[in-house]
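In terms of the UniProt record's numbering, the sequence shown is residues 1 to 107.
Report on one structure; see the data block that follows.
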Amino acid sequence: VEFCNVTISHRHNGHDEAIITQIRLPTTSWNGRLQAVGGGGFIAGLFGYMFIAMDAAIAEGYAATSTNAGIYATDINGGDAYTWASLEPGNVDTHRVEDFAYRSLGD
Numbered sequence: 001v002e003f004c005n006v007t008i009s010h011r012h013n014g015h016d017e018a019i020i021t022q023i024r025l026p027t028t029s030w031n032g033r034l035q036a037v038g039g040g041g042f043i044a045g046l047f048g049y050m051f052i053a054m055d056a057a058i059a060e061g062y063a064a065t066s067t068n069a070g071i072y073a074t075d076i077n078g079g080d081a082y083t084w085a086s087l088e089p090g091n092v093d094t095h096r097v098e099d100f101a102y103r104s105l106g107d
């Protein structure tokens with residue numbers, strides 16, 4: 001599948017994060033529509049099979065987009081939010097949870 005890749009990375013001051021948004025634009029036969037691709041449960045996009053889903057959307061003429069929601073691939077443990085949503089046992093990392101829940105989609 002041929003596409004133009006636009007990748008944007010941004011951070012919030014004072015926080016150890018990198019919110020990455022990727023947009024893949026078909027170079028031919030764009031159908032004028034956008035397909036957002038994401039994970040399930042506590043996994044955002046931009047991991048493993050999500051790239052295959054984005055390529056499939058492009059093959060159908062869609063522009064495709066996804067975000068890691070500030071969660072790094074190394075933080076994913078079978079879809080368990082505990083590995084990335086807590087600073088330590090009993091101490092929730094509210095900034096990262098807010099990134100995942102809404103901030104990464106609105107920035």
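By construction, the Cβ of each residue, glycine as well, lies at the ideal position given by its N, Cα and C atoms.
>> Here's a check: name, in chain order, each residue in its chain whose Cβ is nearer than 7 Å to the Cβ of Gln35, leaving out the five neighbours to either side.
In response: Sequence-distant partners of Gln35 (beyond 5 residues in either direction) whose C-beta falls short of 7 Å from its own C-beta, in its chain, are Ala57, Tyr62, Ala64.
>> In this structure, how does DSSP classify Thr94 when only helix, strand and coil are distinguished?
In response: Three-state result, Thr94: helix.
>> If you measure between the beta carbons of Leu25 and Phe51, is that distance less than 7 Å?
In response: Their beta carbons are not under 7 Å apart, which means Leu25 does not touch Phe51 by this criterion.
>> For Ser66 and Tyr82, I'd like the C-alpha separation in whole angstroms.
In response: The straight-line gap from Cα to Cα measures roughly 22 Å.
> Among the residues of its own chain, which have a CB less than 8 Å from the CB of Val37, if the five just before and after it don't count?
Replying inline: The residues are Gly45, Met50, Ala53, Met54, Ala57, Ala64, Thr65, Ser66.
>> Here's the rule I'm using: 16 or more other beta-carbon atoms within 10 Å means buried, otherwise exposed. How should Gly106 be labelled?
In response: Using a 10 angstroms sphere on the CB of Gly106, the tally of other CB atoms stays under 16, which defines it as exposed.
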